[in-house]
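Encoded as structure tokens, the structure appears first; notes follow it.
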Amino acid sequence: MSPIDLSPFVDAVQERAERLRQYAEKQKVFGWFCTYTPIELIHAAGFLPVRIYGGATPIKLASTLVPDFVCPYMRTSLERALRGEYKYLSGIIQGYTCDTPCGIINIWEENAGPGLFHSVPLPYNTTESAISFYRQTLTELIQKLASYGGKTDADSLERSLDLYRDIRNCLLHLHQLRFQNRLALSAGEFYTVAEAGFSLPPDVYLKHLHNLISALGEENTRNIGIPVIVSGSLLEDTTVFDLIESAGGKVVADDLCNGYRFCYPADGVGADPTERLIDRYMHRFPCPSRSVIGDRVNHVKELIKQSGAAGAIFLFQRFCTPHLADYPALADELKKDGIPVLQVETDETVSNRGQLKTRFEAFFEMIGV
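Its first residue numbered 249, the sequence shown is counted upward by one per residue in the numbering used here.
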């Protein structure tokens with residue numbers, strides 16, 4: 249465990265529900281599932297965008313509305329909504345990626361509404377017509393947010409873009425420290441820091457990040473363990489990272505929805521704030537829901553090169569079709585470069601800890617560096 253004080257981040261995660269209920273008494277809170285949701289626009293309108301979490305919980309109500317082969321993250325999130333645990337939300341704004349979350353918000357609206365429920369379609373290419381289309385969809389979102397009292401202009405959007413840029417740059421700095429073996433945090437601690445940002449007001453979160461970076465200084469204490477990159481979608485249970493490190497590994501990089509993919513790039517470029525927003529979201533680090541496998545291979549290989557990872561662990565939510573479909577080709581390409589790979593499927597809680605630790609230990613023994 250790190251001697252650094254991480255209580256602001258730990259408390260934010262553990263007290264998330266109660267804090268958000270309190271925030272909702274002062275300003276509207278909108279939920280989102282996917283990092284392709286333009287959260288800067290929601291914030292610029294005067295609202296608090298927060299990532300919806302499912303977590304470990306028995307599925308009862310949701311099983312009457314969605315089949316068992318829907319990914320655990322969506323099922324547990326819907327279950328909590330049906331129980332009334334997300335009543336503080338004024339709605340959900342969802343960047344269109346895979347089909348499941350975009351379908352879930354329709355079920356959510358019908359069974360656990362009311363509120364603003366809206367999917368934001370994002371083009372799959374970067375042509376001029378695609379950019380024009382995306383600008384129109386953002387205009388539509390601004391109008392819908394205005395119907396709920398939101399007030400967005402160029403100045404407020406620019407301030408929000410600057411704020412989230414600074415947050416992502418801080419997180420990218422932590423990623424760089426980890427690449428260089430200079431980050432005095434365990435993997436579980438690192439992702440707790442990242443997770444806190446999905447529910448805290450961004451200005452508060454940025455202050456905590458600045459304090460953390462100042463406290464970290466130039467420490468270099470993470471020398472033990474076989475370096476690996478972890479790839480997958482959203483991992484809510486950070487204990488899996490503790491299992492990796494207790495089995496002899498050391499997470500030095502990631503290709504995760506709540507990790508590096510959220511941060512990169514930190515910002516976009518453009519003649520006005522809207523162009524800047526469009527540029528950033530249309531040039532994201534490739535996600536299997538929105539990119540061809542060749543693009544992902546190149547980016548993941550670059551992360552491995554930067555971090556010195558000796559192996560790759562793929563941690564997938566069960567029934568996550570985009571990631572499971574990408575895996576065979578991505579794994580083959582890494583194996584060609586001599587990078588050993590391990591595939592693990594999980595639900596919202598790491599229940600088979602003993603079995604997983606044994607698999608991790610065998611994987612690290614095979615790498616043997």
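Ideal Cβ placement from N, Cα and C applies to all residues, glycine included.
| Check | Outcome |
| --- | --- |
| Select from K335, K399 and T440 the residue whose C-alpha is nearest the C-alpha of H291. | K399 |
| Touch check for the region 257-275 and the region 443-451: three-plus C-beta pairs under 8 Å? | yes |
| Just the Cα atoms here: how many angstroms apart are M322 and L604? | 23 Å |
| Would a C-beta distance cut-off of 8 Å place L313 and L326 closer than the cut-off? | yes |
| In angstroms with no decimal places, state the Cα-to-Cα distance between T487 and D410. | 33 Å |
| Using beta-carbon positions only, say whether I552 and A577 come within less than 8 Å of one another. | no |
| Within the continuous beta strand (DSSP E) that includes H547, where are the two ends? | H547 -> not in any beta strand (DSSP E); alpha helix (DSSP H) instead, spanning I541 to S555. |
| Give the range of the beta strand (DSSP E) segment to which D490 is assigned. | No beta strand (DSSP E) contains D490, which is instead part of the alpha helix (DSSP H) from T487 to S494. |
| Rounded to a whole number of angstroms, what is the C-alpha to C-alpha distance between E443 and F281? | 13 Å |
| Could you tell me whether the region 479-497 touches the region 555-563, using the rule of 3 or more Cβ pairs below 8 Å? | yes |
| Please report the straight-line C-alpha distance between T324 and T594, rounded to a whole angstrom. | 13 Å |
| Check whether the Cβ atoms of Y382 and I526 lie closer than 8 Å to each other. | yes |
| To which residues does DSSP link R299 through a beta bridge? | W280 |
| What do you reckon, are the CB atoms on I379 and L289 nearer than 8 Å? | no |
| Can the beta-carbon of I340 be found less than 8 Å from the beta-carbon of F278? | yes |
| In angstroms with no decimal places, state the Cα-to-Cα distance between V476 and H421. | 19 Å |
| What are the boundary residues of the alpha helix (DSSP H) that includes D515? | Unbroken run through D515: none, as it is neither H nor E. |
| Buried or exposed for T387, going by 16 or more other Cβ atoms inside 10 Å? | exposed |
| Can you tell which of V499, D585 and L431 has the C-alpha that lies nearest to the C-alpha of P251? | L431 |
| If you drop the 5 nearest sequence neighbours on each side, which residues of the same chain put their C-beta closer than 8 Å to that of Q554? | F427 and A501 |
| Is the region 403-417 touching the region 299-310, taking contact as three or more C-beta pairs under 8 Å? | no |
| If you compare alpha carbons, which of K392, D451, L457 and D401 is closest to L419? | L457 |
| Residues in the same chain with beta-carbon distance under 7 Å from A402, minus the five sequence neighbours each way, listed in chain order, please. | D520 and P521 |
| Quick check on the DSSP output: what are the complete alpha helix (DSSP H) runs of length 4 or more inside the region 304-334, in order along the chain? | 320-330 |
| Could you tell me the boundaries of the beta strand (DSSP E) in which T594 lies? | V589 to T594 |
| If you follow the alpha helix (DSSP H) that L411 is part of, which residue opens it and which one closes it? | A402 to F427 |
| Pick from E357, C350, Q342 and G343: whose alpha carbon is nearest that of G332? | E357 |
| Going by Cα to Cα distance, which pick from A394, K335 and T348 is closest to S367? | T348 |
| Any idea what DSSP makes of K498, helix, strand or coil? | strand |
| Please work out which residues of its chain come closer than 6 Å, Cβ to Cβ, to R416, disregarding the five sequence neighbours upstream and downstream, and give them in chain order. | C511 and A514 |
| So if DSSP puts S479 in a beta bridge, which residue, or which two residues, is it bridged to? | D503 and F562 |
| Applying the criterion that 16 or more other CB atoms from any shown protein chain within 10 Å of the CB defines a buried residue, is Q342 buried or exposed? | buried |
| Buried or exposed, going by whether 16 or more other CB atoms sit within 10 Å of the CB of N506? | buried |
| With distances taken between CB atoms, is the gap from I472 to G559 smaller than 8 Å? | no |
| Would you say the beta carbon of K455 comes nearer than 7 Å to a heavy atom of the ligand MG? | As for the ligand MG, it is missing from this structure, which has no ligand bound. |
| Among all the DSSP beta bridges, which residues are the ones paired with G343? | V368 |
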